[in-house]
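Taking it in order: structure first as structure tokens, then the write-up.
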Amino acid sequence: MAPNAGAADSTAESYKRFKSQWMPGDVQAALDWFSTAIMSRSSFLQASTLLSSFLALTSGQTPISSSDGGWSTTLAGTPTSFRSVFTLPASADQGVDQIPNIYDPEAVNAQDVCPGYKASGLEQGDRGLSATLTLAGAACNVYGTDIEELDLKVEYQSKGRLAVSIVPKHLDASNQSQWIVPEDLIPRPQAEDSSEGTDLKFDWGNEPSFWFNVGRRSTGDIIFTTQGTKLIYENQFIEFVNSLPEDYNLYGLGERIHGLRLNNNFTATIYAADVGDPIDRNLYGSHPFYLETRYFEKGGNGSKTPLKQSELQQPSLGYDSKPTGSAYESRSHGVYYRNTHGMDVVMKPDHLSWRTLGGAIDLFFFDGPSQPEVTKEYQKSAIGLPAMQQYWTLGFHQCRWGYRNWTETREIVETMKAFNIPMETIWLDIDYMDQYRDFTLDPVSFPPSGVKEFFDFLHGNNQHFVPIVDAAIYIPNPLNASDAYDTYARGNDSDVFLRNPDGSQYIGAVWPGYTVFPDWLSSNGVAWWVKEMVEWYKEVPFSGFWVDMTEVSSFCVGSCGSGNVTLNPAHPPFSLPGEVGNVVFDYPEGFNITNATEAASASAGASSQAAPTAPTETAATTTSYFRSTPTPGVRNVNYPPYVINHVQAGADLAVHAVSPNATHQNGVEEYDVHNLFGHQIINATYQGLLQVFPGKRPFIIGRSTFAGSGKWAGHWGGDNASKWAYMFFSIPQALSFSLFGIPMFGVDTCGFNGNTDMELCARWMQLSAFFPFYRNHNVLSAIPQEPYRWEAVASASRTAMHIRYSLLPYMYTLFNDAHTTGSTVMRALAWEFPNEPQLAGVDTQFMLGPNILITPVLEPQVDTVNGVFPGIVDGESWFDWYSGERVEAEAGVNTTISAPLGHIPVYVRGGSVLPIQEPGYTTTESRNNPWGLIVALSTDGTASGNLYVDDGESLEPESCLDVTFAAMTGQLKVNVEGEFKDTNALANVTILGAPAVGQVKLNGETIDASKVSYNSTSSVLKLSGLNDLTSGGAWQGSWTLSWE
25 MAPNAGAADS TAESYKRFKS QWMPGDVQAA LDWFSTAIMS RSSFLQASTL LSSFLALTSG
85 QTPISSSDGG WSTTLAGTPT SFRSVFTLPA SADQGVDQIP NIYDPEAVNA QDVCPGYKAS
145 GLEQGDRGLS ATLTLAGAAC NVYGTDIEEL DLKVEYQSKG RLAVSIVPKH LDASNQSQWI
205 VPEDLIPRPQ AEDSSEGTDL KFDWGNEPSF WFNVGRRSTG DIIFTTQGTK LIYENQFIEF
265 VNSLPEDYNL YGLGERIHGL RLNNNFTATI YAADVGDPID RNLYGSHPFY LETRYFEKGG
325 NGSKTPLKQS ELQQPSLGYD SKPTGSAYES RSHGVYYRNT HGMDVVMKPD HLSWRTLGGA
385 IDLFFFDGPS QPEVTKEYQK SAIGLPAMQQ YWTLGFHQCR WGYRNWTETR EIVETMKAFN
445 IPMETIWLDI DYMDQYRDFT LDPVSFPPSG VKEFFDFLHG NNQHFVPIVD AAIYIPNPLN
505 ASDAYDTYAR GNDSDVFLRN PDGSQYIGAV WPGYTVFPDW LSSNGVAWWV KEMVEWYKEV
565 PFSGFWVDMT EVSSFCVGSC GSGNVTLNPA HPPFSLPGEV GNVVFDYPEG FNITNATEAA
625 SASAGASSQA APTAPTETAA TTTSYFRSTP TPGVRNVNYP PYVINHVQAG ADLAVHAVSP
685 NATHQNGVEE YDVHNLFGHQ IINATYQGLL QVFPGKRPFI IGRSTFAGSG KWAGHWGGDN
745 ASKWAYMFFS IPQALSFSLF GIPMFGVDTC GFNGNTDMEL CARWMQLSAF FPFYRNHNVL
805 SAIPQEPYRW EAVASASRTA MHIRYSLLPY MYTLFNDAHT TGSTVMRALA WEFPNEPQLA
865 GVDTQFMLGP NILITPVLEP QVDTVNGVFP GIVDGESWFD WYSGERVEAE AGVNTTISAP
925 LGHIPVYVRG GSVLPIQEPG YTTTESRNNP WGLIVALSTD GTASGNLYVD DGESLEPESC
985 LDVTFAAMTG QLKVNVEGEF KDTNALANVT ILGAPAVGQV KLNGETIDAS KVSYNSTSSV
1045 LKLSGLNDLT SGGAWQGSWT LSWE
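For the sequence shown, the numbering used here gives the first residue as 25, with consecutive numbering after it.
Put into structure tokens, the structure is as follows:
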């Protein structure tokens, strides 16, 4: 979690440090409790009040101030000393004040002053070409030192993939890490055996300086061109520019909260940052990949010019009209920039400028020409296929920052059950830790003595537990032997922590106080982390890991703990939620309309809280910005001359993060690999879970990700807020991560920061039920938001969860498809229906796989929602999930859909067969329940689908079932392949869009009429009670069902 902004408390706070030899057990236990309370993220003021009361009850004296700023008293006749808890000053996390280059009126446009390069020494081969690029004039050295000679290599790697690499000609051990991404960290796509028949074509020229094009042979259109621009290649700044068509449709370039289609006057900054989900700014992850889609007229005489939005006119098609087919077609391609440095991707109406703080140019072009083909090739060749998830991870997860002890946590589990709201997994935030130290339990609120009872209860219900684990490791106070911390000691002995340039240990600050940070490039770093996980599992039987603060976050600039470790433990340089000055008064948009009295009270509280810190009027002043100037041949890694539009204060790369000059064991500077920390800790955690659970699929949810993290982990959207806007943006967030190869995505449902309300939470619980990762989570001291807190939310949740749990076999099959082919789980309408350009920007609806359409309500106080039914122009049909009736809608226009509170519109695509299973309270129960099928016939009476079944957990299952469904001419044929044994019977089959029905037969045997129900008005045929006909198991062999 990112720190919730609050007033920093610069005064010292007190906590207990015993210096007595003996105390009565009850007094000792009570003081232990107070110590924990004081060091927890709840208000110190509350704890100190309780401590004063306790002192009175134990005949303690009035506290006496000590000379060192602490205080002492006598408890039960024993002198006891308390020392001050040091609070990091707010200034510890303040850096220099810079102005991002894109806003700097004094910024030099490198395109205007730099000479570019000239190509020479061309060598051409069967798989591509190579050349030398030489500066075309005097060096400009505008944001670094120009590199005089470069090597260009172009490689046709496969039929649909082209690589363009530009690196300095003179590389050696002294500068290799500045330019080249190690392939053991981020694999580089490799050439396949043959590139014969490639459709991509590379062209280049030297006038007025070197440029290149990548185009398609088949159509002649240019998908990437730098013509008319200059290549700038310096030791801390690389820029190249590619032209784009007007009204371009670009997707990706994450991570950020933004609409699905990127704006054409927008800067996408890529630099991992611990920040609470601002709109349009760089966030936790780094994904330098984009998908571009261009639309053309069908049969447009081979036109190479993409259509502009103003030129698109899709004719409306009434429900009873005959589909005429779309007048358009599309072609998509992908671009991956394999670079780990911070960068600005500056988008303008007709071009895009890539500006990076270092590294090489290592570009990969994916031909497509459809979105599925682009993303499949990107994953298969470049970043790896997504991890297959265990079946249980698709259940509902409940969490919050603020569960106080084992008893309360168990009560949450029990209350969810009492309200019959399915819950698969309970999560804990850092509350469970001993003073926020990884791999520990709080000895009072989450004592080891309570572990067995809690986990016997949880596992006895087939439920799971996932804890948060942070990236930073507490460094103990060397003056206090009782502050020893074994995890640090073992890591220190193994030399696994980041260093300063002078070789000393880099010491930042996070939740527990001053901390160190694992060095994933060190020889022992991963092994140390794995061992800590293995040992901790013996104490706490977790089911997966939630890794947080992995950007990597630090609450101060530089190695602020150097020389200050004797102040540990320490309080962060800001107030925690619920502490004085940071009480949570925020509510969703529209709360004042539905809850006027509460809203007025919250508003008054917020105003009162803000008053003491409100800025006073001062005379206008001119801000003075720090600007770094290049030093020939020397890199300034802390303050690079080009300032990216970084989200942190002053655009300072060292604010709220480990500084760029932190140094790894092998000499690599953090500047060059900052964006990989989250990716690497995910990998280390993956290795750890393989050791803890040999042969089982690891379950990891990580915050900071890089291209390729999806092969190990899922991701959640971070510290969003309880606002309708954040629910709205959760859809494009999820769809973007589909492009990035991380399908296991979800957000903090009902919102993390701020207070939610009944209406927002009801709508959001229903929306998230159709996201792959489904979790409710919120911030410390905000109102509770478990779904049972409001009856309307409980009811809405049960409704949506019933659909989700029914569809778990379908979702699990989608994940297997993603894992084996690179297909997407959540899909944008434009990707699934590529011939409808009106869908290019639609991100208020989405597809779950190819066959489920979700149209959620995303605004307050409404009972309808507008949504488009895609594909109708090409003959698609849609059925209402709830009634089974065919939807009456026109092509290419919004339809107003009834959506009262508690109802989320869900539609089934005609032509699909959906495998379903009777929902249970847990996924274990669900997997033991009877099967069902929904057959949604297309307008020509056909349908198809598939089902994948295995044991739900094995990394390499010994056996599986692949079931395919094909319906036509009044028959459904089911073909079963594989050896996995599933003995659950088939209970129900529902056929949507069925014409008049004759005898219904299973494998030629007539089904009793009592099991058959047909509604001629809705054309829905329902077969129920089939269990006895398939008692050996629905998939024990192939079979045929007929109904005409």
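Glycine included, C-beta positions come from ideal geometry on N, C-alpha and C.
Here the structure is a predicted model, which means the values were calculated and not measured.
Which class does residue i belong to by DSSP, given the choice of helix, strand or coil?
i: Q70; result: Legend: pLDDT at Q70 = 36, less than 50; position of this residue unreliable, value from coordinates given subsequently. Three-state result, Q70: helix.
i: G1079; result: Absent from the structure is residue 1079, since the part of the chain shown begins at 25 and ends at 1068.
i: T317; result: strand
i: A296; result: coil
i: Y666; result: coil
i: T988; result: strand
i: T249; result: strand
i: P472; result: helix
i: R933; result: strand
i: G84; result: The predicted model places G84 with a pLDDT of 33, which falls under 50 and marks its position as unreliable, so this point remains unresolved.
i: A915; result: strand
i: V137; result: helix
i: A31; result: Here the model assigns A31 a pLDDT of 36, short of 50, so the residue's position is not dependable, and the following value carries that caveat. Correct three-state label for A31: coil.
i: I62; result: Low local confidence applies: a pLDDT of 36 at I62 is under 50, so the model's placement there is unreliable, and no value is given.
i: W1063; result: strand
i: A1058; result: coil
i: S847; result: coil
i: W46; result: Confidence in W46 is poor, its pLDDT being 26 and thus under 50, which makes the residue's placement unreliable; the coordinate value appears in the next sentence. The answer is coil: DSSP assigns W46 none of H, G, I, E or B.
i: R424; result: coil
i: V679; result: coil
i: H698; result: helix
i: N1051; result: helix
i: D56; result: At D56 the pLDDT is 41, less than 50, meaning the model places this residue with poor confidence and gives no usable figure here.
i: D304; result: coil
So the candidates are the options; which of them puts its Cα closest to the Cα of residue i?
i: G149; options: N125, G484, E179; result: E179
i: E556; options: I617, F870, V493; result: V493
i: P192; options: L186, K177, Q181; result: K177
i: R933; options: S356, P722, G1022, L961; result: L961
i: D223; options: Q214, E207, R185; result: R185
i: P596; options: P612, V608, S577; result: S577
i: S182; options: R151, H698, L1010; result: R151
i: F1141; options: S907, L877, V886, L882; result: For the chain, the structure presents residues 25 to 1068; residue 1141 sits outside this window and is missing.
i: P884; options: G778, E977, M751; result: M751
i: A913; options: A160, Q995, I896; result: I896
i: Y649; options: P129, N1039, F110, A116; result: P129
i: E810; options: I123, H421, G383; result: H421
i: V671; options: G657, L255, S1055, A292; result: A292
My assumption, with CB atoms under 8 Å, is that residue i sits in contact with residue j. Please give the rounded CB distance.
i: I450; j: V468; result: Contact doesn't hold; Cβ gap of about 20 Å is too wide.
i: G168; j: Q260; result: 4 Å
i: T574; j: G732; result: Between G732 and T574 the Cβ distance is about 15 Å, and since that is not below 8 Å, they are no contact.
i: D170; j: Y257; result: 7 Å
i: I262; j: T380; result: 5 Å
i: Y308; j: E270; result: Actually they do not touch by this definition, with Cβ atoms about 33 Å apart.
i: Y530; j: V299; result: At roughly 21 Å, the Cβ-Cβ gap does not stay under 8 Å, so Y530 and V299 are not in contact.
Could you tell me whether the stretch 939 to 946 touches the stretch 910 to 927, where touching means 3 or more Cβ pairs closer than 8 Å?
-> At 8 Å Cβ cutoff, the stretches do not touch.
Hey, is the stretch 826 to 846 in contact with the stretch 394 to 409, meaning 3+ C-beta pairs nearer than 8 Å?
-> Contact between the stretch 826 to 846 and the stretch 394 to 409 is present: 3 or more CB-CB pairs across the two stretches fall below 8 Å.
Would you be able to state if there are at least three C-beta pairs under 8 Å between the stretch 453 to 471 and the stretch 410 to 427?
-> Under the Cβ criterion (8 Å, minimum of three pairs), the stretch 410 to 427 counts as touching the stretch 453 to 471.
Take every Cβ of the stretch 971 to 989, pair it with every Cβ of the stretch 864 to 872, and state whether three or more of those distances are shorter than 8 Å.
-> With a cut-off of 8 Å, the stretch 864 to 872 and the stretch 971 to 989 do not count as touching, because too few Cβ pairs lie within range.
If we count Cβ pairs, one from each stretch, closer than 8 Å, do we get three or more for the stretch 693 to 705 versus the stretch 544 to 551?
-> Two segments are said to touch when three or more pairs of C-beta atoms, one from each, lie closer than 8 Å; by this definition the stretch 693 to 705 touches the stretch 544 to 551.
Which runs of the beta strand (DSSP E), 3 residues or longer, sit entirely within the stretch 150 to 208?
-> Those beta strand (DSSP E) runs which fall completely within the stretch 150 to 208 and span 3+ residues are 152 to 159, 173 to 182, 185 to 192.
Complete alpha helix (DSSP H) runs within the stretch 474 to 523 (minimum length 4 residues, chain order) = Counting whole runs of 4 or more residues, the stretch 474 to 523 contains the alpha helix (DSSP H) stretches 475 to 484, 510 to 517.
Which parts of the stretch 534 to 619 are runs of the alpha helix (DSSP H), unbroken and 4 residues or longer, counting only runs that do not cross its ends?
-> DSSP runs (the alpha helix (DSSP H)) wholly in the stretch 534 to 619: 549 to 561, 615 to 618.
Evaluate the contact criterion for the stretch 1041 to 1053 versus the stretch 1008 to 1022: three or more CB pairs, one atom per stretch, below 8 Å.
-> The stretch 1041 to 1053 vs the stretch 1008 to 1022: in contact.
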